[in-house]
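Asks: Protein sequence lines correspond, in order, to chains A and B.
According to this note's numbering, the first sequence holds residues 1 to 530 in order.
According to this note's numbering, the second sequence holds residues 1 to 530 in order.
The beta carbon of each residue, even a glycine, is placed where N, CA and C say it ideally should be.
Shown below is the structure under consideration.
2 protein chains.
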Amino acid sequence: METVLIDGRWQPSREQVGSFRAENPATGEAIGPEFPVSGAADVELALTSAAAAAPALADTDPERIAAFLDTYASGIDAAAGDLCALANEETALGVKPRLRDVELPRTVNQLRLAAQAARSRTWTQPVIDTQAGLRSLFAPLGKPVAVFGPNNFPLAFNAVSGGDFAAAIAARNPVIAKAHPAHPQTCRELAKLAHAALNKVHLPTATVQMLYHMPAELGLKLASDRRMGAVAFTGSRAGGLALKAAADKAGVPLYAEMSSINPVFMLPGALAERGAEIAREFAASCLAGSGQFCTNPGVVIVPADETGDAFVQAAREAFEAAPAGTLLARSVLDHLQQSVSALRGAGAEVLCGGNPAGAPAFRFQPTLLVTDATRFAADAPALQQEAFGPVSLIVRADGDAAMESVAQSFEGNLTGTIYSARDGQDDMLARRIASALRPRVGRLLNDRMPTGVAVSAAMNHGGPYPATGHPGFTSVGLPASIRRFAALECYDHVREDRLPPELRDRNPDGRLQRCIDGVWTTADVAGASA
Amino acid sequence: METVLIDGRWQPSREQVGSFRAENPATGEAIGPEFPVSGAADVELALTSAAAAAPALADTDPERIAAFLDTYASGIDAAAGDLCALANEETALGVKPRLRDVELPRTVNQLRLAAQAARSRTWTQPVIDTQAGLRSLFAPLGKPVAVFGPNNFPLAFNAVSGGDFAAAIAARNPVIAKAHPAHPQTCRELAKLAHAALNKVHLPTATVQMLYHMPAELGLKLASDRRMGAVAFTGSRAGGLALKAAADKAGVPLYAEMSSINPVFMLPGALAERGAEIAREFAASCLAGSGQFCTNPGVVIVPADETGDAFVQAAREAFEAAPAGTLLARSVLDHLQQSVSALRGAGAEVLCGGNPAGAPAFRFQPTLLVTDATRFAADAPALQQEAFGPVSLIVRADGDAAMESVAQSFEGNLTGTIYSARDGQDDMLARRIASALRPRVGRLLNDRMPTGVAVSAAMNHGGPYPATGHPGFTSVGLPASIRRFAALECYDHVREDRLPPELRDRNPDGRLQRCIDGVWTTADVAGASA
C-alpha cells in the first residue's frame, strides 16, 4: 500500500477507509500499486500541520518561495520522460505532442512564472496614501489552501503541481492537495519532487501535503473547516456545487471551475467567406484531447441557411473521418454516455457518432448533435448540460433574431466566441451577439477557437456563475490568479519598521510597481531616507 | 401612505403587506407619515426593471455616470439643512458636528470620488498582453446590485446614497436600495434627489430604485434571485449570515459587513508612558456616536499590572463622567441589553454602567465590562459577541504570553490595534501581537483608535470572516470598493474596433493607467495609429 504525504513526510495512512488502483484507459486494466483512500484522521493531521505551518510560511522571504517553485520546476523538467510515460499510461493522453511537448512544458513554465511573481511581489499590488497614513496590499491568507485537482490535466492542473497549486504557494500559503484518483502514480511522482524541493530550500515540509483519495463527505468536511483559508476546485458541476455549499457555510472562499459549454457563433458572412476552413478549425478544436477541455466548443450556433448547411456537412465529414479518441477514465465514458443521452432526451438529434467506440478502451465516437433555436430556447437548461468529451451540439438559427435570442439564453460560461466576415458584412449582428454574450462569459473571442488558454497576465479563465463561483477571479494567468489566495491587508499609521517590505518608504527592490498617491510607480515614497 | 420608487417612478406599493412609521429615539414617539412594507410584487417589479436597465447602463458613457453622481452630490449638498434635520429626528445623531459637519460632507465627498473613479476608469485596471493578443479589465456586472443599508449612518452608508451605492453605480450597475426602516424620511428625501439627478442627466430611471421595508424572507428571496449581480449588506451578524446563505445558494456574490469588536491591545510600556492620555482617547472613541460604529473598540486588552489598573481606573472615570447617549432606535436598545446580558452570562463583570438610562429616550449608560485572559480564552465565542453601543469589554492579561494568547483567540475582525511605547520597550511584544492579529483583521493600527475610517484608495474596511464574507474586498475606499461590483472580462483577439475604449490601442484619455506587457503606463499600445 502506498504512503500519503502528510505532516512533512511520506507515511502510511492513519485511517485507511479503502483502497484503489489506477486503470489504463486504453485497456481497461488495473495498473500500478494499491493506493489508500484516506479517512478523517489523515485529513485532520493534514489540516493541523498546514495550519501550524501557515504563519511561518506567510513570513517567509518571497525569494525562498521562488526558489522552491523554481527547484520544483527543474525537478519536473528533469523527470519529464518518466512523468509523461506514467501520465500517458494513466490518462491515455498522448506522450507526444500533448504531454511531453505541451502540458509538461506548460506546467514547468507556470511554476517558473509563479516563482517570478512571488519574487517580484507584483501580485501584492501595494497602494500607499501618504496623506491619510494608510498603506495596503494583498498578503498571504495565513491559512491553508485545499486544491482539488481535475482529471483532464494530470500535470498542468494537477492539485500538486498545477495552476492553482502554483498560485496558492506563490501567495505563501500551505497547500493540501487532493489528487485526482484517476492518475495516482503521476500525482505521487510529482509530490515526491515537490517534497524534495521543499527540503532542498528549507521550507516547512508541511507546505505541501497530498492525499490520493477520500470519501466525498470528507472532502466536504475539509472545505467547510474554519481553519481553511480558501479552496480551489476544478471538475464537475455537481462536485463543485457540493463543495461550494460546504465552503460557503463556513465562510471559506471557494474558487470552483465547474463546467462550461463555450458557445461559438458562426455568423453568415464568415461561413460564406471561409466556411470550410472554419469547419476544420472547429473539428480540430472539439476533438483535440478527445474533447476533454474546460473550454471545448460544446455548442455551435449556425445559421439555418445554405452556408450553414455546408458548414454542418463539412463538420460532420471531419467528425466522421476522425478516429474515436480514448477518454481519460471509465467515469468519463460513463458520464459522457449519460450526457449524450440527456441531450437526446431534451430533443437534440444525433448527426454522427453518439456511442462508445468499443471495449476494452474507454473510447467514444466523435459526436455531433443538432437542434434548432426554438427548441434550444424552450429547454435551455437541459440543452446546456456539458457533455465532457468529443461532442458538440449544433444549434441551427433561422435569422439574426433567433441567433441573438440563443445568445441571450446562455447561463455563465468560461468563453464565448464569434466568427464573423472579414469584410464587415456581419458587423451589426456581431455587435448584438457580443452584447448578449459579454455578461455571460469570462473570455470573449473573435475568429478563433476557445481551446487555447494562454498563461498570460491578461487571461481570464473564469466566468459568471455557474461556470465558476465568482465572476471576478481567474484561475489561469499570473499574477492575477494569485489574488484568489490573498487577503487585503491595510496598515493604518503603523510604524515604518513594522511594515512589510512592500509598503515601506523605500521600494523593496527598486522595481516593484506600487500605486503611490494615485500613480503607479517604481519610485520610493517621497522623503524616504536613502 | 408614502409611495415607493420602482420602475423609474414614485408609485404606490403594488403589494403592501404592512406599514410602519419612524420613531424619534429621543422621545420614543412615532413621527412622520406611514410608509409601506413592500410585498413580493414590488420586489419583482424592481428586479425586472433593474435587470432591463442593466445592459444599457453597462454601455453608458462613464461621463454620464459621473455626471449623475456629481449632480446627486450637489443635490445633497444643497439640501443639507433639511436632510440633517430629518436624520437627526430619526436617529438622534447630533446635527452638529456629526451629521452636518462630518457625515453629510463625507457622503457628498464619496459620491464625488465615485464620479471621479467612474470618469477616470481607474477601477477597470486594464491589463494588455500584446504578444498573446489578450486584453482584460474589470467591467460592469451587467446585472442589478441590491444594497441593504444599516441603521448607523443614515447618509454615508445609506442604501441609496452611501459607499456601497456609490461604488455599485460607479461600476455602471443599477441599484435596488433596501432602505433601513429606522430612518425612512431621510431615505425618501435622498431617493428623491437621486431620482431628480437621474432625470437631469438622462440615465435610465430604473438605475436607482428604493423600497423602504420588506419582510425578512422577501429580502432573502431578493438576494437569492439569479438575476442579481451582487448584494451588499451592512448590519448584524444574524442578518448578514442569513442573506449570505441565500445569495450563496444562487451563486450571487454577497459583500456583507456583519459586526466586529475591533480588539485594542494596550502594551505595558505605552500605558506606563501615557496611560491617562490613552484612556481619554479610548473613552472618546468608544462613546462617540453612542458607540454605534462598526469599528468601535469593543474589547481592550490591558496588562494585569499597576499601569493597567491605572488605565482601567481612568477609563472608568471617563465613562462614568460621560452622559448616556441616545441610541439610534428601540431595536438597538433591545439588542444592546441582550448583548450586555449575554456577556455577563459568559462571566464578564460590569465595572460601570450596564443599564438603560431611562425612558422615554432610547438611552444606555456608558458601560465597561471586565474579564481576565483565562476566562476570555476559555469562552472566546461568547465573549466575542458584539455589543453595539457605548460598551467595551476590558480583558486583563497577566503577562506577555497571556496577551498573545488572547490575540490568537480572535475570529475575523475589521480592525486590530496596538498601542506601544514610543521608546521601543514594547517592540518585541508588539511584533508578537501583530503576528497574531494580522491574519485576523482587515486593518491593523498603531497608536490610534480604529473609529476613523478614511475614504482612501489605501483603506481596507473589510476583514476575514465573519467580520465580512470575503477577505479580499473593502467597502470603503475608491476605486478599490468598486471591484466588488465588477466582473473580470477578457478579450481574446477581439478586433480592435469592438474593444471597450479602455482596451483599445490608444489610451482613452491619455491619463488612464494600464498595465501593458507588465508595466503600468499611460502610454498607447506601441504601434497605435495616431
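Consult DSSP for C187/A and reduce its assignment to one of helix, strand or coil.
Replies: By one-based count along the first sequence, residue 187/A stands at place 187. Helix.
Asks: Cutting at 6 angstroms between CB atoms, please list the residues of its own chain near F233/B, excluding the five before and the five after it.
Replies: Against the second sequence, residue 233/B aligns to sequence position 233. These residues qualify, in order along the chain: F148, G240, L243 and A256.
Asks: My output table needs one value for V17/A: the three-state DSSP class, helix, strand or coil.
Replies: Counting from 1 along the first sequence, the entry for residue 17/A is found at position 17. Residue state, collapsed to three classes: strand.
Asks: Name the chain B residues whose beta carbon is nearer than 7 angstroms to that of F473/A?
Replies: In the first sequence, counting from the first residue as 1, residue 473/A sits at position 473. Those are L488, listed as they occur along chain B.
Asks: What residues from the region 120 to 134 of chain B come within 7 angstroms of chain A, judged by C-beta to C-beta, listed N to C?
Replies: Within the region 120 to 134 of chain B, the qualifying residues are V127, I128, D129, A132 and L134.
Asks: Under 6 angstroms Cβ to Cβ from A67/B, same chain only, skipping five residues before and after it: list those, please.
Replies: On the second sequence, position 67 is the one that residue 67/B refers to. Cβ within range, chain order: V201.
Asks: Using a Cβ-Cβ distance under 8 angstroms, would Q513/A count as near chain C?
Replies: The structure shown contains no chain C; its protein chains are A and B.
Asks: Given a cut-off of 8 angstroms on the beta-carbon distance, is the pair N88/A and G94/A in contact?
Replies: Here residue 88/A refers to the residue found at position 88 of the first sequence. Here residue 94/A refers to the residue found at position 94 of the first sequence. In contact: N88/A and G94/A (Cβ atoms closer than 8 angstroms).
Asks: Can you tell which of D129/B, A238/B, V455/B and A402/B has the C-alpha that lies nearest to the C-alpha of A436/B?
Replies: Position 436 of the second sequence, counted from the first residue, corresponds to residue 436/B. It is A402/B.
Asks: Which same chain residues end up closer than 8 angstroms to A530/B when comparing Cβ atoms and leaving out the 5 residues on each side of it in sequence?
Replies: For the purposes of this step, residue 530/B is identified with residue 530 of the second sequence, where counting begins at 1. Low per-residue confidence applies at A530/B: pLDDT is 46, beneath 50, and the placement is therefore not dependable enough to give any value.
Asks: What residue from L328/B, S481/B, M210/B and A276/B has the CA that sits closest to E317/B's CA?
Replies: The residue labelled residue 317/B in the question sits at position 317 within the second sequence. Per the Cα distances, A276/B.
Asks: Any beta carbon of chain A sitting closer than 8 angstroms to that of S136/B?
Replies: Against the second sequence, residue 136/B aligns to sequence position 136. Yes, because at least one Cβ of chain A sits closer than 8 angstroms to the Cβ of S136/B.
Asks: Once DSSP output is grouped into helix, strand and coil, what is the label at I128/B?
Replies: The residue labelled residue 128/B in the question sits at position 128 within the second sequence. Strand.
Asks: Helix, strand or coil: how does DSSP classify R498/B here?
Replies: Taking the second sequence and counting its residues from 1, one reaches residue 498/B at position 498. If DSSP states are grouped into helix, strand and coil, R498/B belongs with the helices.
Asks: Could you tell me which of P150/A, L478/A and K249/A sits nearest to R237/A, measuring between CA atoms?
Replies: Along the first sequence, read from residue 1 onward, the residue named residue 237/A stands at position 237. Among P150/A, L478/A and K249/A, the Cα nearest to that of R237/A belongs to P150/A.
Asks: Does the beta carbon of S224/B sit closer than 8 angstroms to a beta carbon anywhere in chain A?
Replies: Within the second sequence, numbered from 1, the residue matching residue 224/B stands at position 224. Chain A, which has no Cβ nearer than 8 angstroms to the Cβ of S224/B, makes this no.
Asks: Between the Cα of L333/A and the Cα atoms of E63/A, P25/A and V302/A, which residue gives the shortest distance?
Replies: One-based indexing of the first sequence puts residue 333/A at position 333. The residue with the shortest Cα to Cα distance from L333/A is P25/A.
Asks: Alpha carbon to alpha carbon, what distance is there between A118/B and D517/A?
Replies: Taking the first sequence and counting its residues from 1, the one referred to as residue 517/A is at position 517. Taking the second sequence and counting its residues from 1, the one referred to as residue 118/B is at position 118. If I take the Cα positions, the gap works out to 18 angstroms.
Asks: Compare the C-alpha of N152/A against each of W123/A, H183/A, I128/A and A167/A and name the closest.
Replies: On the first sequence, position 152 is the one that residue 152/A refers to. It is H183/A whose Cα lies nearest to the Cα of N152/A.
Asks: Are the region 298 to 306 of chain B and the region 251 to 266 of chain B in contact at 8 angstroms, needing three or more beta carbon pairs?
Replies: Result yes; three or more Cβ-Cβ pairs closer than 8 angstroms.
Asks: So G39/B packs on Q16/B, CB below 8 angstroms; how close in whole Å?
Replies: By one-based count along the second sequence, residue 39/B stands at place 39. By one-based count along the second sequence, residue 16/B stands at place 16. 7 angstroms between Cβ atoms; contact.
Asks: Under 8 angstroms, with one C-beta from each stretch per pair, do the region 367 to 384 of chain A and the region 219 to 228 of chain A reach the 3-pair mark?
Replies: No, the region 367 to 384 of chain A is not in contact with the region 219 to 228 of chain A.
Asks: Chain B partners of N507/A, CB-CB under 8 angstroms?
Replies: Walking along the first sequence from the start, residue 507/A turns up at place 507. Neighbours of N507/A on chain B: none; closest Cβ ~14 angstroms, over 8 angstroms.
Asks: Flag this pair as yes or no: are the beta carbons of L134/B and D492/B separated by less than 8 angstroms?
Replies: If you number the second sequence from 1, residue 134/B lands on position 134. If you number the second sequence from 1, residue 492/B lands on position 492. Yes; because the gap between Cβ atoms is below 8 angstroms, this pair is in contact.
Asks: Could you list which residues in chain A have their beta carbon closer than 7 angstroms to that of S259/B, in chain order?
Replies: By one-based count along the second sequence, residue 259/B stands at place 259. What S259/B touches in chain A: nothing, since even the nearest Cβ is about 13 angstroms away.
Asks: Under 8 angstroms, CB to CB, which of the residues in the region 427 to 445 of chain A have a partner in chain B?
Replies: Going along the region 427 to 445 of chain A in chain order, one finds A430, R431, A434, S435, R438, P439, G442, R443, L444 and L445 with a Cβ nearer than 8 angstroms to chain B.
Asks: Any beta carbon from chain B within less than 8 angstroms of H195/A's own beta carbon?
Replies: Numbered from its first residue, the first sequence carries residue 195/A at position 195. Not an interface residue.
Asks: For R448/B, go through chain A and note every residue whose CB falls closer than 8 angstroms to its CB, in chain order.
Replies: Sequence index remark: in the second sequence, residue 448/B carries index 448 (1-based). D492 and H493, listed in chain order.
Asks: Grab me the residues of P479/B's own chain with a C-beta within less than 6 angstroms of its C-beta, minus the 5 sequence neighbours each way, in chain order.
Replies: Counting from one through the second sequence, the residue named residue 479/B turns up at place 479. Cβ within range, chain order: A117, T122 and W123.
Asks: Compare the Cα-Cα distances from A247/A to each of M428/B, H470/B, G289/B and C515/B and report the closest residue.
Replies: Taking the first residue of the first sequence as position 1, residue 247/A is located at position 247. Cα-wise, what sits closest to A247/A is H470/B.
Asks: How about G8/A and G142/A: are their beta carbons less than 8 angstroms apart?
Replies: Sequence index remark: in the first sequence, residue 8/A carries index 8 (1-based). Sequence index remark: in the first sequence, residue 142/A carries index 142 (1-based). Going by C-beta atoms, G8/A is not nearer than 8 angstroms to G142/A.
Asks: Can you pull the chain B residues whose beta carbon is under 9 angstroms from the beta carbon of Y465/A, in chain order?
Replies: As a working mapping, residue 465/A is identified with position 465 in the first sequence. Here the neighbours are R226, A250, G251, V252 and P253.
Asks: Under 7 angstroms between beta-carbons, which chain B residues line up against N456/A? List them in chain order, please.
Replies: On the first sequence, residue 456/A is found 456 positions in, with the first residue counted as 1. The question names Asn, but residue 456/A in the sequence shown is Ser. Result: D129, A132 and L134.
Asks: Spatial neighbours of F473/A within its chain, please: CB distance less than 7 angstroms, with the 5 preceding and 5 following residues excluded, ordered by chain position.
Replies: Residue mapping note: residue 473/A aligns to position 473 of the first sequence, counting from 1. Counting only Cβ-Cβ distances below 7 angstroms, and skipping sequence neighbours, we find Y255, G462, R483 and R484.
Asks: Starting from P381/A, trace the alpha helix (DSSP H) both ways and give me its first and last residue.
Replies: Against the first sequence, residue 381/A aligns to sequence position 381. Start and end: A380 to L383.
Asks: Which residues does DSSP pair with A30/A in a beta bridge?
Replies: For the purposes of this step, residue 30/A is taken as the residue at position 30 of the first sequence. Paired residue(s): E23/A.
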